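Chemist: In the numbering used here, the protein residues as written are 102 to 796.
Glycine included, C-beta positions come from ideal geometry on N, C-alpha and C.
Every value quoted in this text rests on a predicted model; they were computed, and no experiment measured them.
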């Protein structure tokens, strides 16, 4: 605030001045009744002021860091009294303008967390990584915006410096909308409809609902059943709790794996249906109901493929339909660049005025194949700038619909199911890292194709840690190929592939192809910093890199062993059994195509089945409070960084607390299974138990 004071010194200002559009918030961080003042301003920065006056007559002094605590363990009840470090500097690009700070213990651990409202509609959230009396609000400086990927997809595509919550109007509109769709769907289609809704991204579902197009999930399922009744090579198979496909092979009928059916046949992706472009981009046409039956090129897709004797033959005939019936060929346009979306690609596939390149062929093949019940994925090899497909037939098979000449006697047949994906012009040189990347739902993180695509493959392992040797989870490890530079194709490396580190700080770039180049740059981006490594990968073997990020992870409180008290002739009254297993981990990084994250909030749900662990403690009540408040504590049982463990017949007299601690993680949420059973040591019903314990 500003005060005009007339006290004989002439008019002047006293108080606090930080500029216009300021928003104050107050918190008693020392427990003495004298408040700290936090002021968000129009630029997005937050200023911190301490009351160095009295409660009744405050005098505000701007500070850059909080005072040293005289007694950091003064309170064990989670109420903050003194604090030493504080908020890392909030640069203007951390949050948007008009910052409005507020403090609340959001996760009920006794530590006050920081929330910042902003003009961009987000509430930014900084978890207190310190303790109740020694809070720490880190602003993550990954450095991702300075790395190569940021120039590829219009932004860093990594965890932001400050976590943010998307605030929407409190409404059940969308839940009710999709609940009605599911409940009103005919039972035999319901699992397909529910799967698409459950696995699509929330922003996609909102966009479809806003366009009253949620019924496409039903049309999608109905069309699958309809075409299955018509073709000879595939039939719907209803199981007790799921649906899949039976498909014909040369040796009889086979059952499609459940995951392949739902994820790579039923599910939507951005090539099949971009919600933000519906209906204009597709002229209101849904691919399953339009593409099989349209006769723009005289022979419809269904007429060409429907009588195939096997699923394999059907996949071949889709390729034939594109290269012979349509007569499409790879070409630059004489007038226009690439047509947007499968519908326009289809209309202009044989039009010399429009550019139809490898990406357009791969999109058209996938849409056509899926509409004819052939599970298909889009494969991109960004490192060497090529795109094609894999289709399912007792495993994944290669098809490159853009390569070779068109026509009934064309060389396009050389690129259908070539062994290991090596055919035609790339038979000897292959590709570095062909990966599925169209993202069939939020749980479909881009993955390396199962086919070799190279005669020499290397596995490159990384161990990523901070400068104190502590492993960093959620680090994105990227491989960049130098082929584009060495061949003269471009002046910069192209990204080949990526992976994320687990809780042990480990990640692997698997089956990196060496046919095009032996020179790679590996970029490692973490929440606390980034680095890069140049490497010469020459042999088909395993390579290992130890990567140090020159920063330090937030500290965690120490756990010290505490022994059970000696009771003399007294007995422990109870026994405790605990068994647990960490089932999996989940990371939710922003989509690596930054524009999809920036505009639609796309994130991955990256599942980890290996490299997951936690700390397990058994403590008394006082030490449980200390643990919650972020202080050093003592424990009867300490099991560190384990994936499974527990205790058996552990004696106790007082109340004890079981702690499953995921304290070492920056990005990973854990799912675990556990059982905990307490026994009365003296009951006669427990005949297999020792009746008492003495120490």
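Between the alpha carbons of residue 775 and residue 409, how many angstroms are there, rounded?
Modeler: Answer to the nearest angstrom: the Cα atoms are 51 Å apart.
Chemist: Suppose only complete runs of 3+ residues qualify. What are the beta strand (DSSP E) ranges in the segment 444–522, listed by chain order?
Modeler: 477–482, 487–493 and 497–500
Chemist: Which of the three DSSP states, helix, strand or coil, is assigned to residue 383?
Modeler: Helix.
Chemist: For the alpha helix (DSSP H) containing residue 277, list its first residue and its last residue.
Modeler: From DSSP, the alpha helix (DSSP H) with residue 277 extends over 274–284.
Chemist: With a 10 Å radius around its C-beta and 16 neighbouring C-beta atoms as the bar for buried, classify residue 653 as buried or exposed.
Modeler: Flag for residue 653 reads exposed.
Chemist: Pop quiz: residue 736 and residue 713 are said to be a contact at Cβ under 8 Å. What is the actual Cβ separation, rounded to whole angstroms?
Modeler: At roughly 21 Å, the Cβ-Cβ gap does not stay under 8 Å, so residue 736 and residue 713 are not in contact.
Chemist: Where residue 568 and residue 765 are concerned, what is the direct C-alpha to C-alpha distance, given to the nearest angstrom?
Modeler: Cα to Cα, residue 568 sits roughly 15 Å from residue 765.
Chemist: Taking the alpha-carbon positions, what's the residue 709 to residue 609 distance?
Modeler: Roughly 13 Å between the two C-alpha positions.
Chemist: Assuming residue 579 and residue 250 are in contact, meaning their beta carbons sit under 8 Å apart, how far apart are those beta carbons, in whole angstroms?
Modeler: 6 Å
Chemist: CB-CB under 7 Å to residue 418, same chain, minus the five flanking residues each way: which ones, in chain order?
Modeler: 405, 406 and 409
Chemist: Over the uninterrupted alpha helix (DSSP H) stretch that includes residue 585, give me the two end residues.
Modeler: 584–588
Chemist: Give the range of the beta strand (DSSP E) segment to which residue 360 is assigned.
Modeler: Here residue 360 belongs to no beta strand (DSSP E); instead the alpha helix (DSSP H) covers 359–362.
Chemist: So the candidates are 595, 444, 770 and 731; which of them puts its Cα closest to the Cα of residue 392?
Modeler: If we check each option's Cα against that of residue 392, 444 comes out closest.
Chemist: Determine which residues share a DSSP beta bridge with residue 537 and list them.
Modeler: 480 and 548
Chemist: According to DSSP, simplified to helix, strand and coil, what is residue 336?
Modeler: When DSSP states are grouped into helix, strand and coil, residue 336 belongs to the strand group.
Chemist: If you scan the segment 198–252 from start to end, which runs of the beta strand (DSSP E) of 3 or more residues do you find wholly inside it?
Modeler: If we require 3 residues or more, the beta strand (DSSP E) runs fully inside the segment 198–252 come out as 201–205, 214–218 and 223–227.
Chemist: Residues in its own chain within less than 8 Å of residue 320 by CB, not counting five upstream and five downstream?
Modeler: 387, 389 and 390
Chemist: For residue 700, count the other beta carbons within 10 Å of its own beta carbon; 16 or more makes it buried, fewer makes it exposed. Which is it?
Modeler: The residue is exposed, with fewer than 16 neighbouring Cβ atoms inside 10 Å.
Chemist: If you check the beta carbons only, do residue 675 and residue 761 fall under 8 Å apart?
Modeler: no
Chemist: To the nearest angstrom, how far is it from the Cα of residue 639 to the Cα of residue 751?
Modeler: Going by the C-alpha atoms only, they are around 55 Å apart.
Chemist: Do residue 533 and residue 589 have their C-beta atoms closer together than 8 Å?
Modeler: no
Chemist: Is it right to say residue 364 is buried, meaning 16 or more other beta carbons lie within 10 angstroms of its own, or is it exposed?
Modeler: Answer is buried; the Cβ neighbour count reaches 16.
Chemist: In the DSSP output, what is residue 609 paired with across the bridge?
Modeler: 562
Chemist: For the structure I just gave you, are there three or more beta carbon pairs, one from the segment 538–545 and one from the segment 359–374, closer than 8 Å?
Modeler: yes
Chemist: Flag this pair as touching only if the segment 590–600 and the segment 628–635 have three or more C-beta atom pairs under 8 Å; answer yes or no.
Modeler: no
Chemist: Tell me, which residues are paired with residue 581 by DSSP?
Modeler: 596 and 622
Chemist: If you count every other CB in all the chains shown that lies within 10 Å of the CB of residue 487, and 16 or more means buried, which is it?
Modeler: buried
Chemist: Helix, strand or coil: how does DSSP classify residue 543 here?
Modeler: coil
Chemist: Within its chain, find whatever has a CB closer than 7 Å to the CB of residue 571; leave out the 5 residues flanking it on each side and keep chain order.
Modeler: 654
Chemist: Do residue 293 and residue 322 have their beta-carbon atoms positioned less than 8 Å apart in this structure?
Modeler: yes
Chemist: Between which two residues does the beta strand (DSSP E) containing residue 555 stretch?
Modeler: No beta strand (DSSP E) holds residue 555; DSSP gives it neither H nor E.
Chemist: Provide the residue span of the beta strand (DSSP E) that contains residue 732, from first to last.
Modeler: Counting along the chain, residue 732 falls outside any beta strand (DSSP E), and DSSP gives it neither H nor E.
Chemist: Please look up how many angstroms separate the CB atoms of residue 635 and residue 531, rounded, as I've assumed it's under 8 Å.
Modeler: Rounded, the Cβ-Cβ distance is 22 Å, inconsistent with contact.
Chemist: What residue from 581, 577 and 284 has the CA that sits closest to residue 484's CA?
Modeler: 581
Chemist: In this structure, what does DSSP give as the bridge partners for residue 777?
Modeler: According to DSSP, residue pairing for residue 777 in a beta bridge involves 679.
Chemist: Note the first and the last residue of the continuous beta strand (DSSP E) segment covering residue 662.
Modeler: Per DSSP, residue 662 is one residue of the beta strand (DSSP E) stretching across 660–662.
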